[in-house]
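**Q** Dropping a structure here in structure tokens format, bear with me for questions.
In the numbering used here, the protein residues as written are 113 to 739.
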């Protein structure tokens, strides 16, 4: 049994405790020495027996006087005479040699056993005590790693089969060291980073993290890079676990793509430094304090313009304008009320100031844009043009009316009403400074297919139920459904569950059709709503993540989560890809306390409970483990 255990200890799949093989070898050596000493003693005894037999035969064949002398010597020795002190040395010298040889063998065996015991005590000892003593020494961090004590014994060829125990909130996982070493840049793959979570008392790594998520984390190492979120773990929780274990930006990006989160394309900045500063000033309000001031001014001007657009339609202001407008031939008309004209109208003056600001902002942004073609492809810039043009068209029409051309006065007023209605689109300019409106716009654009499907279902329902209610109410003289097109309005109001009540069925058949129309409308509207809500959640969380990704070093120079500044992001973040996701891992590392240096710098305790090392106080050399 001992030989089997010793041979197993030399193999790769050994499960013997540390020091057991050395003790077995020591016992075998002791037994071998004892067998050799016994064999030597037996051989010496046989030689003595042969010598005594030969001497006795010679004495029997000699003269009788020799026998008599022998018997007399024996009698003297038994009688205690003077010859008794010399009888043993003279009678049996081989027996003395055998006894001395046996004594020396036993003494040598005891000395060897004592030396082996001292060596075992010095070398074996307690593994736990040796680890604790090593951790008390200053700067001996490597002695705390469990693999450091085994690598010299097994060598490079046997370290692959070393098992590692990982305890995640009480749930223990076991894997091989070679599995973790597949990704040496991660938290579990780097010995210097994971040693902070090592518990020397239990010889395991302890992480106070989410347990269901670690199944996928460990499978990432076992499969060679396949990361799949468990179905019972929310997306945000699993994302935090991926960042905590430092799987890398590539794994995070691949995981987000698998979850349906597509990275937004990066838009370039102007190459010229002056244009770049202007572009950041007007496009990214949070890039600097002056940019925030310009954004506030722009929002105030937009709000004032919308308020003026609404106030000028009040009855008292509208009647005053109609009274002050010239009648008859405009060329001979004189302004009333002391020379009051549309050009000195307070609303017109405020509108002029707003248009001057809008025009200035549009021209400056067009001048600093990195691509003039892409500038006009942006829907927000098109809204800016549409909101500015009505003012100039109205101004040209008023000038033409004052200088003649009253023949088409009625037509010009009709056109002006339509053009002035376009001014309401200025409210969409607020979306440039409102994250909520931007999220809503992205949601509607991403949900166009679902919205088209919803409208298609509504059209089918409107045609179906308006036809049904018309024929159900056809025999009723007082019915309000005089035709199928007249019933369209009722069907739309009923399917959308608005129910104005201006049109309602009277007969029993009409009421049944109305009930079915309301139920069908609820079901039709409810079907695409989850998809639209999912798109909204996606854009909302993406915007929130982009704001959290902004590091403090660039908070004053770049907007949070700005995907349009690859050069600046690479310079400040040190990311070779310039990705907006590159900063997320760095931000989480700073938050989790895992980016601090492990060689002589101060180490702050991380959020996961593990070994905390404090070098600020040189007199304190203790290791604290939360277990």
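The beta carbon of each residue, even a glycine, is placed where N, CA and C say it ideally should be. Quick caveat, the model's predicted, so the values are computed rather than measured.
1) Could you pull out every unbroken beta strand (DSSP E) segment of at least 3 residues lying fully inside the region 306 to 388, listed in chain order?
2) Contact check, residue 421 vs residue 536 under 8 Å by CB: the rounded distance?
3) Since residue 607 and residue 592 are thought to touch, with beta carbons under 8 Å apart, how far apart are those beta carbons, to the nearest angstrom?
4) Using a threshold of 8 Å, state whether the C-beta atoms of residue 582 and residue 590 are closer than that.
5) Relative to the C-alpha of residue 498, which residue among 530, 621, 386, 143 is closest?
6) Buried or exposed: residue 513, going by 16 or more other Cβ atoms within 10 Å of its Cβ?
7) Could you give the distance in angstroms between the alpha-carbon of residue 152 and the alpha-carbon of residue 146?
8) Taking the continuous alpha helix (DSSP H) assigned at residue 635, which residues delimit it?
9) According to DSSP, is residue 592 helix, strand or coil?
10) Could you check what DSSP says for residue 62 in three-state terms: helix, strand or coil?
11) May I ask you to list the residues that DSSP assigns as paired with residue 228?
12) So is residue 502 buried or exposed if we call it buried at 16+ other beta carbons inside 10 Å?
13) Could you tell me the alpha carbon to alpha carbon distance between residue 634 and residue 609, rounded to whole angstroms?
14) Closer than 7 Å by C-beta to residue 565: which residues in its own chain qualify, once you throw out the five before and the five after it? Chain order, please.
15) Rounding to the nearest angstrom, what Cα-Cα distance links residue 575 and residue 626 in this structure?
16) In the DSSP assignment, the alpha helix (DSSP H) including residue 506 goes from what residue to what residue?
17) On the three-state DSSP scale, how would you describe residue 277?
18) For residue 579, collect the residues of the same chain with a Cβ closer than 6 Å to its Cβ; drop the 5 residues on either side in sequence, then sort them by chain order.
19) Is residue 545 closer than 8 Å to residue 410 when the C-beta atoms are compared?
20) Just to confirm, are residue 298 and residue 360 a CB contact at a threshold of 8 Å?
21) Thinking just about the alpha-carbon of each residue, which of 224, 353, 211, 216 is nearest to the one in residue 142?
22) Compare the Cα-Cα distances from residue 568 to each of 637, 331, 406 and report the closest residue.
23) What is the rounded straight-line gap between the Cα of residue 362 and the Cα of residue 295?
24) Figure out for me which residue from 540, 469, 148 has the closest Cα to the Cα of residue 216.
25) Taking the DSSP output, what are the residues bridged to residue 285?
26) Which same chain residues, not among the five before or five after residue 587, have their C-beta less than 6 Å away from its C-beta?
27) At which residues does the alpha helix (DSSP H) containing residue 547 begin and terminate?
28) Taking a contact to mean a Cβ-Cβ separation below 8 Å, would you say residue 280 touches residue 222 in this structure?
29) Is the separation between the beta-carbon of residue 315 and that of residue 345 shorter than 8 Å?
30) Tell me the rounded alpha-carbon separation between residue 561 and residue 647.
31) Quick check: what's the CA-CA separation for residue 496 versus residue 538?
32) Is residue 706 helix, strand or coil by DSSP?
33) Could you say which of 335, 463, 572, 652 lies nearest to residue 600 if we only look at CA atoms?
34) Within 10 angstroms of the Cβ of residue 219, are there 16 or more other Cβ atoms? Answer buried if so, exposed if not.
35) Around the C-beta of residue 172, are 16 or more other C-beta atoms found within 10 angstroms, so that it is buried, or is it exposed?
**A** Short version:
1) Restricted to the region 306 to 388, the beta strand (DSSP E) segments that are unbroken, complete and at least 3 residues in length are 316 to 319, listed in chain order.
2) In the chain shown, counting from the first residue as 1, residue 421 sits at position 309. In the chain shown, counting from the first residue as 1, residue 536 sits at position 424. Confirmed, about 7 Å.
3) Numbered from 1 along the chain shown, position 495 holds the residue referred to as residue 607. Numbered from 1 along the chain shown, position 480 holds the residue referred to as residue 592. The Cβ separation is near 18 Å, so there is no contact.
4) Locating residue 582 in the chain shown gives position 470, counting from the first residue. Locating residue 590 in the chain shown gives position 478, counting from the first residue. In this structure, residue 590 does not lie closer than 8 Å to residue 582 by Cβ.
5) In the chain shown, counting from the first residue as 1, residue 498 sits at position 386. Distances from the alpha-carbon of residue 498 to those of 530, 621, 386, 143 put 530 closest.
6) Taking the chain shown and counting its residues from 1, the one referred to as residue 513 is at position 401. When all chains shown are included, residue 513 counts as buried.
7) Taking the first residue of the chain shown as 1, we reach residue 152 at position 40. Taking the first residue of the chain shown as 1, we reach residue 146 at position 34. Between the C-alpha atoms of residue 152 and residue 146 there is a straight-line separation of about 10 Å.
8) Along the chain shown, read from residue 1 onward, the residue named residue 635 stands at position 523. Unbroken alpha helix (DSSP H) run through residue 635: 620 to 638.
9) Here residue 592 refers to the residue found at position 480 of the chain shown. Residue 592 falls in the coil class under three-state DSSP.
10) For residue 62 there is no data in the structure shown, the boundaries of the chain being 113 and 739.
11) Start at 1 with the first residue of the chain shown, and residue 228 comes out as number 116. Answer by DSSP bridge pairing: none, since residue 228 is not bridged.
12) Residue numbering aside, residue 502 sits at position 390 when the chain shown is read from its first letter. With at least 16 other beta carbons inside 10 angstroms of its own, residue 502 counts as buried.
13) Residue numbering aside, residue 634 sits at position 522 when the chain shown is read from its first letter. Residue numbering aside, residue 609 sits at position 497 when the chain shown is read from its first letter. Distance between the alpha carbons of residue 634 and residue 609: 7 Å.
14) Here residue 565 corresponds to residue number 453 of the chain shown, with the count starting at 1. Within the same chain, residue 565 has close Cβ partners 640.
15) Position 463 of the chain shown, counted from the first residue, corresponds to residue 575. Position 514 of the chain shown, counted from the first residue, corresponds to residue 626. The straight-line gap from Cα to Cα measures roughly 13 Å.
16) Along the chain shown, one-based indexing puts residue 506 at 394. Following the DSSP letters along the chain, one finds residue 506 inside the alpha helix (DSSP H) bounded by residues 491 to 514.
17) Numbered from its first residue, the chain shown carries residue 277 at position 165. Three-state DSSP puts residue 277 in a strand.
18) Residue numbering aside, residue 579 sits at position 467 when the chain shown is read from its first letter. Spatial neighbours of residue 579 in its own chain (CB-CB distance under 6 Å, excluding positions within 5 residues in sequence) are listed in chain order as 596.
19) Walking along the chain shown from the start, residue 410 turns up at place 298. Walking along the chain shown from the start, residue 545 turns up at place 433. Yes, the pair counts as a contact, with Cβ atoms nearer than the cut-off.
20) Reading the chain shown from its first residue, position 186 is the one you call residue 298. Reading the chain shown from its first residue, position 248 is the one you call residue 360. Contact flag set, yes.
21) For the purposes of this step, residue 142 is taken as the residue at position 30 of the chain shown. Checking every option, the nearest Cα to that of residue 142 belongs to 224.
22) For this step, residue 568 is matched to residue 456 along the chain shown. Of 637, 331, 406, the residue nearest in Cα terms is 637.
23) Here residue 362 refers to the residue found at position 250 of the chain shown. Here residue 295 refers to the residue found at position 183 of the chain shown. About 12 Å.
24) For the purposes of this step, residue 216 is taken as residue 104 along the chain shown, with counting starting at 1. Comparing Cα positions, the closest option is 148.
25) For the purposes of this step, residue 285 is taken as the residue at position 173 of the chain shown. According to DSSP, which records beta bridges pairwise, residue 285 is partnered with 278.
26) Reading the chain shown from its first residue, position 475 is the one you call residue 587. Excluding positions up to five away in sequence, the list is empty.
27) Taking the first residue of the chain shown as 1, we reach residue 547 at position 435. Per DSSP, residue 547 belongs to the alpha helix (DSSP H) from 547 to 558.
28) Locating residue 280 in the chain shown gives position 168, where the first residue counts as 1. Locating residue 222 in the chain shown gives position 110, where the first residue counts as 1. With respect to the 8 Å criterion, residue 280 and residue 222 are not classified as neighbours on the basis of their beta carbons.
29) On the chain shown, position 203 is the one that residue 315 refers to. On the chain shown, position 233 is the one that residue 345 refers to. With contacts defined by Cβ atoms closer than 8 Å, residue 315 and residue 345 do not form a contacting pair.
30) Counting from one through the chain shown, the residue named residue 561 turns up at place 449. Counting from one through the chain shown, the residue named residue 647 turns up at place 535. Each residue's Cα considered, the two are about 12 Å apart.
31) In the chain shown, residue 496 corresponds to position 384, counting from 1. In the chain shown, residue 538 corresponds to position 426, counting from 1. Cα-Cα distance, rounded: 7 Å.
32) Residue numbering aside, residue 706 sits at position 594 when the chain shown is read from its first letter. Interpretation of residue 706 is limited by its pLDDT of 35, a score under 50 that renders its predicted location unreliable; the figure taken from the coordinates is listed afterwards. Three-state DSSP puts residue 706 in coil, outside helix and strand.
33) Translated into positions along the chain shown, residue 600 becomes position 488. Comparing C-alpha distances from residue 600 to each of 335, 463, 572, 652 shows the shortest one belongs to 572.
34) Residue numbering aside, residue 219 sits at position 107 when the chain shown is read from its first letter. By the 10 Å Cβ count, residue 219 comes out exposed.
35) Here the question's residue 172 lines up with position 60 in the chain shown. Unreliable positioning characterises residue 172 in this predicted model, as indicated by a pLDDT of 43, which lies under 50. The coordinate reading is nonetheless provided below. Classification of residue 172: exposed, given that the 10 Å Cβ count is below 16.
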